[in-house]
Amino acid sequence: NAFREERNAFREERNAFREERNAFREERNAFREERDALREERNAFSEERDAVKEENKEKDNTSEENDALEEESEVLTKERDVMKIDNETLKSEKNALETKYTALTSTLREQLECPVCLEVPTCGPVPVCPNGHFVCSKCKDSHCPTCRGRMFSGKSLLAVKVIENVEHACRNENCGKFFPLEEYKLHLTACLHRTVNCPSPNEFCSRKMALSKVYDHILEDCQGSLNVLFTEYNFPEYNFPQYLGFTSILKHS
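Going by this note's numbering, the first residue of the sequence shown is number 49, and it counts up by one from there.
In structure tokens form, the structure reads like this:
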């Protein structure tokens, strides 16, 4: 009996040890789980900290970029102000040069102007008297119209060079535009103020006028205009420019 009691006591002690061992294992596993949770929390915190650092770096970079942009903007503003001043200076210089050029060319044109027809020659040769007075080829006579000195065969090469390099004023009334010599010759053939004949038959109207005035002339006082004839015969629906022609009304007149 004593042996049995000792054996049972040993078994109980062994079972208690086993229970204690299992409890220790459970406690160890719980500790490991808690440790893993702490590691995960630490890793999450590290990631969050790194993200905050990156964000702060981006903010610092953005702030530096903003500062750089502000400095660049200030530099550009100063450059713009300098360019404005330079531009105004260039405009003033340009205006001064244009004024000088206009005055110079005007003086040259006045010196080259023929004292007879009052036109500036557009081609050479340019006759000149011994005293240096110019006259155009078509107005040349035996005596100088300015000093009345005898005209010989003198010609001015300088005057021809000036003619080739100054701008010439359009001779047509109400135009007054200036062109270089080559453009001037082309302009005369296409100027809106060049002199043309009235487009009506000569037996009705033979007036000459500026091309820019032909329309008003036909509407108002051209005797060969259908506008006048239809008004006279009381046919207002055919007035110019709805109907333009001479044959039909002439047949009925």
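Beta carbons: idealized from backbone N, C-alpha and C, even for Gly.
Cα-Cα separation, residue i to residue j
i    : j    : result
A71  : N56  : 22 Å
S140 : Y149 : 14 Å
R219 : D134 : 39 Å
N179 : C195 : 8 Å
V123 : M131 : 12 Å
R90  : R69  : 31 Å
N77  : K107 : 44 Å
R52  : R87  : 52 Å
L303 : P249 : Summary: the structure shown does not reach residue 303, with the chain confined to residues 49 through 301, and so no result is reported for it.
R59  : R73  : 21 Å
G272 : V262 : 12 Å
F182 : C162 : 7 Å
D129 : E136 : 11 Å
L234 : C165 : 22 Å
L117 : E102 : 22 Å
E54  : F65  : 16 Å
E231 : C223 : 15 Å
L156 : E127 : 42 Å
A50  : E82  : 47 Å
K225 : A217 : 6 Å
K186 : T147 : 33 Å
G151 : A144 : The sequence shown places Ala at residue 151, not Gly. Their Cα atoms are separated by approximately 11 Å.
V210 : E167 : 15 Å
Where the alpha helix (DSSP H) through residue i begins and ends
i    : result
T170 : No alpha helix (DSSP H) holds T170; DSSP gives it neither H nor E.
F51  : 50-160
V262 : 262-268
N220 : Note, N220: premise wrong, no alpha helix (DSSP H); not H, not E.
V210 : 205-213
In DSSP terms, what residue i is bridged to
i    : result
N245 : K256
P228 : Looking at the DSSP assignment, P228 forms no beta bridge with any residue, so it has no partner.
R198 : H191
P175 : K203
Assigned exposure category for residue i - 16 Cβ within 10 Å defines buried
i    : result
H191 : exposed
S111 : exposed
V214 : buried
S94  : exposed
S121 : exposed
E160 : Residue 160 is actually Leu in this sequence, not Glu. So L160 counts as buried.
A99  : exposed
V244 : exposed
P169 : buried
A207 : buried
C270 : buried
C171 : exposed
Q290 : Bear in mind that the predicted position of Q290 carries a pLDDT of just 42, short of 50, making it unreliable; the figure below should be weighed with that in mind. Its Cβ having fewer than 16 others within 10 Å, Q290 is exposed.
Chain C within 9 Å of residue i, Cβ atoms only
i   : result
E54 : Here there is only one protein chain, and chain C is not present.
Exercise. Take every Cβ of the segment 200-217, pair it with every Cβ of the segment 169-188, and state whether three or more of those distances are shorter than 8 Å.
Key: Output reads yes: the segment 169-188 touches the segment 200-217.
Quiz item: Using 8 Å as the Cβ pair cut-off and three pairs as the minimum, do the segment 254-267 and the segment 229-244 touch?
Solution: Flag = yes, the segment 254-267 and the segment 229-244 touch.
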